[in-house]
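2 protein chains.
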Amino acid sequence: MPASPIRKLVPYADAAKKKGVKVYHLNIGQPDIETPKSVLDAVRHSDFTILEYSHSAGNESYRKKLVQYYEQVGVNVNHNQIIVTTGGSEAILFAFMACLDAGDEIIIPEPFYANYNGFAVEAGVKVVPITASIENGFALPAISEFEKAITPRTKAIIICNPNNPTGYLYSKEEMEVLKEIITRHNLYLFSDEAYREFCYTGKHFSAMQLEGVDDNVVLVDTISKRYSACGGRIGAFVTRNNGLIQAAMKFAQARLSPPSFAQIAGEAAVDLPADYFNATKALYQSRRDLLVKRLNAIPGVFCPNPGGAFYAMAKLPIDDADKFCQWLLEDFDFNKQTVMLAPATGFYGTSGLGKQEVRLAYVLKESDINSAMDCLENALKQYPGITN
Amino acid sequence: MPASPIRKLVPYADAAKKKGVKVYHLNIGQPDIETPKSVLDAVRHSDFTILEYSHSAGNESYRKKLVQYYEQVGVNVNHNQIIVTTGGSEAILFAFMACLDAGDEIIIPEPFYANYNGFAVEAGVKVVPITASIENGFALPAISEFEKAITPRTKAIIICNPNNPTGYLYSKEEMEVLKEIITRHNLYLFSDEAYREFCYTGKHFSAMQLEGVDDNVVLVDTISKRYSACGGRIGAFVTRNNGLIQAAMKFAQARLSPPSFAQIAGEAAVDLPADYFNATKALYQSRRDLLVKRLNAIPGVFCPNPGGAFYAMAKLPIDDADKFCQWLLEDFDFNKQTVMLAPATGFYGTSGLGKQEVRLAYVLKESDINSAMDCLENALKQYPGITN
Numbered sequence: 000m001p002a003s004p005i006r007k008l009v010p011y012a013d014a015a016k017k018k019g020v021k022v023y024h025l026n027i028g029q030p031d032i033e034t035p036k037s038v039l040d041a042v043r044h045s046d047f048t049i050l051e052y053s054h055s056a057g058n059e060s061y062r063k064k065l066v067q068y069y070e071q072v073g074v075n076v077n078h079n080q081i082i083v084t085t086g087g088s089e090a091i092l093f094a095f096m097a098c099l100d101a102g103d104e105i106i107i108p109e110p111f112y113a114n115y116n117g118f119a120v121e122a123g124v125k126v127v128p129i130t131a132s133i134e135n136g137f138a139l140p141a142i143s144e145f146e147k148a149i150t151p152r153t154k155a156i157i158i159c160n161p162n163n164p165t166g167y168l169y170s171k172e173e174m175e176v177l178k179e180i181i182t183r184h185n186l187y188l189f190s191d192e193a194y195r196e197f198c199y200t201g202k203h204f205s206a207m208q209l210e211g212v213d214d215n216v217v218l219v220d221t222i223s224k225r226y227s228a229c230g231g232r233i234g235a236f237v238t239r240n241n242g243l244i245q246a247a248m249k250f251a252q253a254r255l256s257p258p259s260f261a262q263i264a265g266e267a268a269v270d271l272p273a274d275y276f277n278a279t280k281a282l283y284q285s286r287r288d289l290l291v292k293r294l295n296a297i298p299g300v301f302c303p304n305p306g307g308a309f310y311a312m313a314k315l316p317i318d319d320a321d322k323f324c325q326w327l328l329e330d331f332d333f334n335k336q337t338v339m340l341a342p343a344t345g346f347y348g349t350s351g352l353g354k355q356e357v358r359l360a361y362v363l364k365e366s367d368i369n370s371a372m373d374c375l376e377n378a379l380k381q382y383p384g385i386t387n
Numbered sequence: 000m001p002a003s004p005i006r007k008l009v010p011y012a013d014a015a016k017k018k019g020v021k022v023y024h025l026n027i028g029q030p031d032i033e034t035p036k037s038v039l040d041a042v043r044h045s046d047f048t049i050l051e052y053s054h055s056a057g058n059e060s061y062r063k064k065l066v067q068y069y070e071q072v073g074v075n076v077n078h079n080q081i082i083v084t085t086g087g088s089e090a091i092l093f094a095f096m097a098c099l100d101a102g103d104e105i106i107i108p109e110p111f112y113a114n115y116n117g118f119a120v121e122a123g124v125k126v127v128p129i130t131a132s133i134e135n136g137f138a139l140p141a142i143s144e145f146e147k148a149i150t151p152r153t154k155a156i157i158i159c160n161p162n163n164p165t166g167y168l169y170s171k172e173e174m175e176v177l178k179e180i181i182t183r184h185n186l187y188l189f190s191d192e193a194y195r196e197f198c199y200t201g202k203h204f205s206a207m208q209l210e211g212v213d214d215n216v217v218l219v220d221t222i223s224k225r226y227s228a229c230g231g232r233i234g235a236f237v238t239r240n241n242g243l244i245q246a247a248m249k250f251a252q253a254r255l256s257p258p259s260f261a262q263i264a265g266e267a268a269v270d271l272p273a274d275y276f277n278a279t280k281a282l283y284q285s286r287r288d289l290l291v292k293r294l295n296a297i298p299g300v301f302c303p304n305p306g307g308a309f310y311a312m313a314k315l316p317i318d319d320a321d322k323f324c325q326w327l328l329e330d331f332d333f334n335k336q337t338v339m340l341a342p343a344t345g346f347y348g349t350s351g352l353g354k355q356e357v358r359l360a361y362v363l364k365e366s367d368i369n370s371a372m373d374c375l376e377n378a379l380k381q382y383p384g385i386t387n
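Note that the protein sequences, when read in sequence, are chains A and B. Those letters in the first sequence? Residues 0 to 387, per numbering that gives the first Met the number 0, in order. Those letters in the second sequence? Residues 0 to 387, per numbering that gives the first Met the number 0, in order.
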C-alpha cells in the first residue's frame, strides 16, 4: 500500500511550522473558499432528535435532489441509479470492487490521482498506466497506446475530467475516442468528475452524456470540491447499469450508510442559486492565470495551461521532486516562509516518471500564491540538486 | 459479496408498509433512544466557515478527547494510537486490510456480525468460523476448537464483545483464553467493543486490558450505539502496535479523512455526565427482560438470556428463518401489524446453520416489543412451515 504523495510530507511541514516558518500549502486540494452558508446552515438548523443510519444508498430525498442537480448539468438519471457514498473515495472503491475481480487490470492515463493506486491495492486490481505527456499539456494518449495496453484481464479505464493532477479538460472528441475503446473491448469507463464545474477553456462533457454505453459508464462524483465541502465526505456512485447498482449496493450495505449530517448539506447545496459557480470559477481562473504566469517566468520551469480543476503540473529544473519538496520544508525558507508542493512521482504508475514534476493546487488567495511563487523562485536558486 | 441479512428484506418491509401494515423493526440495531442533545448541539452550534478535510487520523482534539474516554473505561492509550474511522465498519476494514494479505484466514466464532463477511470479501480474506451454540448461550467455543481451525494461513481472530448478534458477554477468563491462543500462534486479536457500555450480567473486560499482547490487539470501536449516533459514521481503530498504526494510516490517507461534522459530535459525547449510560442501560435491560420472557413463553421458542448489547438470538420452531422472515412481511399480519426479524443464517459462516434462528434487536419501547411479540406469537400459529 503506497503512502499518499499529498500527505506523506505532512510531518516535515509540521516541523517547519514549529520552527516558526510559514508554509504555503499548494500540496493539497483543500479549497480555501468558504462553504456556502446555506449549506452549513441546513445542518445547523436541522431538528432531528436521533442521528440515525440513513438508507445504505443515501436518503431518498437527497438522491431525488441529486437527480435535479444532474439534470442541470445535462445528465439524465433517476434516483435509483445513484448511491450516495462516503466521499468520492468510496465511490471509486465501489467501482473497483463491484466491476473488477482480484487480478483484473484497469488502465489509467498517468499522471493520475494517486489514491487510485490505494483503491487498486485494496481491490487487488492491477493498475496499467499509459503515459500522457507534459509537453502536450497531458492530452489523452493516442488510441494506439490504449490498444497496446489492453489484455484479456483489462476490465476498465478510469479518467478524471477535468483532471487531477494535471488540470487537463478532456474534449468531447476525446470522450468519443474513449467510447470507441470501451465499446470495442467491452470495458467499463469510470469517470471521476469531481471538478465538473471548474472548466476554463471549454465546456465539460460528461461520460454520462456518451450515447449507447449506459451499461459501461460509471460516474464517480463528490461534493467536496464543488461546494468546498471536503470534510462532509459525501460523494456518489452513478450508473444506468442496473446490475452494477445491485452489486455496488452490497458494498454499500456492508458499511451501512453514508454520513447523515453531510447528506443534509449536500441536499441543500443543490438549491444554491444558478450563478453560484460563476464567482468561484472566476476566482480559480484568475488564480490559475497568475500561477501559470509566475511559474513560466521562472527560468527552467514549464507549466502547461490547465483547462480545468484547480491544479497545475509544472516541470522544474531539479534532480528529484521528492527530495526537493522535502528540502523546501526541512532546509529552506525565504523570509521565514516556504511552500509545500506535491511531488509528481506519486501520480505516476510508471516508476521513474515525474521526477522533475510537481503538482500545485491553486487553492490560496492571489497574494499567497505570489508569496509562494517568491519562495519557489528563490528555492530554485539555492537548491543543491538543480539540473540546469 | 453477500447481501446484508439485516437489510436484504427491506423491500418486503417497504411493500408491507405500502399495504398499510405497521412493521415493528426488530431486525436492525438502530437505537430508538435520542442522541444526547449536547452531542447534536455541538454540531449545530459549530461556527467554522469551511467544511475542511480533517487529519486522516481524525482531529487531534478529538483523538485527545478519546484518550480521556478510554481512560474512563480502563483502557490506557495515547492519541497516536488512535485512528478515527468512518464508523466501526471502516475500523474493521482497516484491521482486515492492514493485518491480513489476500488468502490469509481469520477465525470468527459464529454466529457473528454479518458484515465481517463483506469486509473479508473486500480484503480477499477467508473467514474460518468456529461454532458457538445457542444451547449454552453462545459462550466462547472451547480452545480445542480454535486449535483445530488454525492453519499456517491463520493471521487473526475477531470477536465482538458484548456480542452482536448473540448478546453474549465474554468473561475475563474467556478473554485470557483468547490471549493464550493469540500468544501461542502469534495472531492478531481484533476486538469489536461497540456495545461496551451495555453489559447486564457482569463487568466488561476489554481486549486492550490483556497484558503482554500490545502488538497483537486491535480495538475496533464506534460511537454509533454508545450515543445513539449511528448516522454520524464515526468509529476508531485503536492499537498500541506502532507499525500497525503506520500501515493503517496508509488506508486512512487513501480515503482522505473521516467525516468532520460527526467528529465534533463524538468529541462532545466524551463530556457527557458519568451517569449518562445508567439510564440507557437500565432501559435496555428492562427491554431485554421483557423480550426474553415473552420469547420463552411462546411454545417451541428458546432464547438464552443475553449478557450485553441489545440483541437476542432465538430458536424458533420453523423450517427456514429466511422464508419465515419474508413470510412475516409478505403474507402475514396481525391486526394490520407485523414484525421484521433478521434471519440468523446470514450470521453463520457455516452453510446450513441458523436455519431455525433469528436475531432480535430490542431497540423499541416496551409497548412495541409487546406488540411485536404478539405478532410473532400469532405468526407461529399460522406459519405453514412450523416444525413442531
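Here a beta-carbon is modelled for each residue, glycine too, at the ideal position from N, C-alpha and C.
ask   = From this set, Ile158(A), Gln245(A), Pro110(A), which residue's C-alpha is nearest Pro1(B)'s C-alpha?
value = If you number the second sequence from 1, residue 1(B) lands on position 2. The option with the nearest alpha carbon to Pro1(B) is Gln245(A).
Report task. Give a yes or no on contact between the region 212-229 of chain A and the region 183-197 of chain B, applying the rule of three or more CB pairs nearer than 8 Å. Result -> no
Please identify, using Cβ separations under 9 Å, the residues of the region 304-328 of chain A that lie next to chain B, in order along the chain. none
Check: Are the C-beta atoms of Glu175(A) and some chain B residue less than 8 Å apart?
Finding: Position 176 of the first sequence, counting from 1, holds the residue named residue 175(A). No, no contact with chain B.
So, for Lys354(B): in the same chain, excluding its five sequence neighbours on each side, which residues have a beta-carbon less than 7 Å away from its beta-carbon?
Taking the second sequence and counting its residues from 1, the one referred to as residue 354(B) is at position 355. Excluding positions up to five away in sequence, the list reads Asp319, Ala320, Thr344.
ask   = Taking C-beta to C-beta, are Glu356(B) and Ala313(B) nearer than 8 Å?
value = The residue labelled residue 356(B) in the question sits at position 357 within the second sequence. The residue labelled residue 313(B) in the question sits at position 314 within the second sequence. Yes, these two residues count as a Cβ contact at 8 Å.
Locate the alpha helix (DSSP H) running through Gly279(B), then write down its first and last residues.
Here the question's residue 279(B) lines up with position 280 in the second sequence. Here the sequence assigns Thr to residue 279(B), which means Gly is not the residue at that position. That run of the alpha helix (DSSP H) goes 275-295.
| Cβ of Tyr61(A) within 8 Å of any chain B Cβ | Residue 61(A) sits at position 62 when you count from the first residue of the first sequence. It does not: the Cβ of Tyr61(A) has no partner Cβ on chain B nearer than 8 Å.
*May I ask which residues mark the beginning and end of the beta strand (DSSP E) holding Val356(A)?*
Position 357 of the first sequence, counted from the start, is the residue given in the question as residue 356(A). What sits at residue 356(A) in the sequence shown is Glu, not Val. Element bounds for Glu356(A): 356-360.
Q) Once you ignore the five residues that flank Gly123(B) on each side, which residues in its own chain have a CB closer than 6 Å to its CB? A) What you label residue 123(B) is simply residue 124 of the second sequence in a count that begins at 1. Taken in chain order, the residues that qualify are Ala101.
query = I think Pro140(B) touches Phe346(B), with their Cβ atoms under 8 Å apart; what is that distance to the nearest whole Å?
reply = Within the second sequence, numbered from 1, the residue matching residue 140(B) stands at position 141. Within the second sequence, numbered from 1, the residue matching residue 346(B) stands at position 347. Not quite, the Cβ-Cβ distance comes to about 15 Å (not below 8 Å), so this is no contact.
Note to self: Could you tell me the alpha carbon to alpha carbon distance between Val38(B) and Asp103(A), rounded to whole angstroms?
What the structure shows: Within the second sequence, numbered from 1, the residue matching residue 38(B) stands at position 39. Within the first sequence, numbered from 1, the residue matching residue 103(A) stands at position 104. Using only the alpha carbons, I get a separation of about 45 Å.
Terminal residues of the alpha helix (DSSP H) in which Glu173(A) lies:
Taking the first sequence and counting its residues from 1, one reaches residue 173(A) at position 174. Start and end: 171-184.
Exercise for the section: Please confirm whether Thr48(B) and Thr34(A) have their CB atoms less than 8 Å apart. Expected result: As a position in the second sequence, residue 48(B) is number 49, starting the count at 1. As a position in the first sequence, residue 34(A) is number 35, starting the count at 1. A contact, by the Cβ cut-off of 8 Å.
ask   = For Met339(A), which option in Thr349(A), Gly351(A), Ala360(A) has the closest C-alpha, if you only look at C-alpha atoms?
value = Within the first sequence, numbered from 1, the residue matching residue 339(A) stands at position 340. When each option's Cα is compared against that of Met339(A), the closest is Ala360(A).
Next on the checklist: What does the Cβ neighbour count give for Gln252(A), buried or exposed, with the cut at 16 atoms within 10 Å?
Outcome noted: Stepping through the first sequence from its first residue, residue 252(A) is reached at position 253. Buried, since its Cβ has 16 or more Cβ neighbours within 10 Å.
- Which word fits Pro298(A), buried or exposed, when buried means at least 16 other C-beta atoms lie within 10 angstroms of its C-beta? Locating residue 298(A) in the first sequence gives position 299, counting from the first residue. Under this definition Pro298(A) is an exposed residue.
Next on the checklist: According to DSSP, is Leu218(A) part of a helix, a strand, or is it coil?
Outcome noted: Within the first sequence, residue 218(A) is the residue found at index 219, counting from 1. If DSSP states are grouped into helix, strand and coil, Leu218(A) belongs with the strands.
Review point. Any idea what DSSP makes of Cys302(A), helix, strand or coil?
Key: Residue 302(A) sits at position 303 when you count from the first residue of the first sequence. The answer is coil: DSSP assigns Cys302(A) none of H, G, I, E or B.
- Query: Ordered along the chain, which non-local residues of its own chain (more than five positions away) have a Cβ less than 7 Å from that of Ile263(B)?
  - Reply: Counting from one through the second sequence, the residue named residue 263(B) turns up at place 264. Closer than 7 Å at the Cβ level, and outside the excluded window around Ile263(B), lie Ala41, Val42, Ser45.
Could you run through the region 281-301 of chain B and flag, in chain order, every residue whose CB is less than 8 Å away from some CB of chain A? none
(request) Consider the Cβ of Val362(B): report whether some Cβ of chain A lies at a distance smaller than 8 Å. (result) For the purposes of this step, residue 362(B) is taken as residue 363 along the second sequence, with counting starting at 1. Output row for Val362(B): interface = no.
Worksheet item: What do you get for Ala273(A), buried or exposed, if any count of 16 or more other CB atoms within 10 angstroms of its CB means buried?
Response: Position 274 of the first sequence, counted from the start, is the residue given in the question as residue 273(A). Exposed: under 16 other Cβ atoms inside 10 Å.
### Message
Assuming Asp40(B) is part of the beta strand (DSSP E), what are its boundary residues?
### Response
Taking the first residue of the second sequence as 1, we reach residue 40(B) at position 41. Asp40(B) -> not in any beta strand (DSSP E); alpha helix (DSSP H) instead, spanning 36-43.
Report task. Figure out for me which residue from Arg62(A), Lys171(A), Ile181(A), Asp270(A) has the closest Cα to the Cα of Ile105(A). Result -> Here the question's residue 105(A) lines up with position 106 in the first sequence. That would be Ile181(A), whose Cα lies nearest to the Cα of Ile105(A).
* Asked: In the structure shown, what three-state DSSP assignment does Tyr112(A) receive?
  -> The residue labelled residue 112(A) in the question sits at position 113 within the first sequence. Correct three-state label for Tyr112(A): coil.
Original post:
First and last residue of the alpha helix (DSSP H) that includes Tyr11(B)?
Top reply: Position 12 of the second sequence, counting from 1, holds the residue named residue 11(B). Segment 9-17, the alpha helix (DSSP H) holding Tyr11(B).
ask   = Alpha carbon to alpha carbon, how far is Tyr115(A) from Leu218(A)?
value = The residue labelled residue 115(A) in the question sits at position 116 within the first sequence. The residue labelled residue 218(A) in the question sits at position 219 within the first sequence. When rounded, the distance between both Cα atoms is 15 Å.
Along the chain, where does the beta strand (DSSP E) that runs through Met392(B) open and close? The question about residue 392(B) has no answer here: the residues shown for chain B are numbered 0 through 387.
- Any C-beta of chain B sitting closer than 8 Å to the C-beta of Thr48(A)? As a working mapping, residue 48(A) is identified with position 49 in the first sequence. Judged by the 8 Å Cβ criterion, Thr48(A) is in contact with chain B.
- Hey, is Arg254(B)'s beta-carbon within less than 8 Å of any beta-carbon in chain A? For the purposes of this step, residue 254(B) is taken as the residue at position 255 of the second sequence. Closer than 8 Å to some Cβ of chain A, the Cβ of Arg254(B) qualifies, so yes.
query: What's the C-alpha gap between Leu25(B) and Met174(B)?
result: Counting from one through the second sequence, the residue named residue 25(B) turns up at place 26. Counting from one through the second sequence, the residue named residue 174(B) turns up at place 175. Their Cα atoms are separated by approximately 30 Å.
field: Length of the line joining the Cα atoms of Arg293(A) and Leu8(B)
entry: One-based indexing of the first sequence puts residue 293(A) at position 294. One-based indexing of the second sequence puts residue 8(B) at position 9. About 59 Å.
- Item | One or two residues paired with Val127(A) in a DSSP bridge | By one-based count along the first sequence, residue 127(A) stands at place 128. In the DSSP output, where bridge partners are listed per residue, Val127(A) has Ile106(A).
Return the first residue and the last residue of the beta strand (DSSP E) that Gly234(B) is part of.
Start at 1 with the first residue of the second sequence, and residue 234(B) comes out as number 235. Element bounds for Gly234(B): 234-237.
Q) Which residues mark the beginning and the end of the beta strand (DSSP E) in which Ala390(B) is found? A) As displayed, chain B neither begins before 0 nor continues past 387, which places residue 390(B) out of reach and without an answer.
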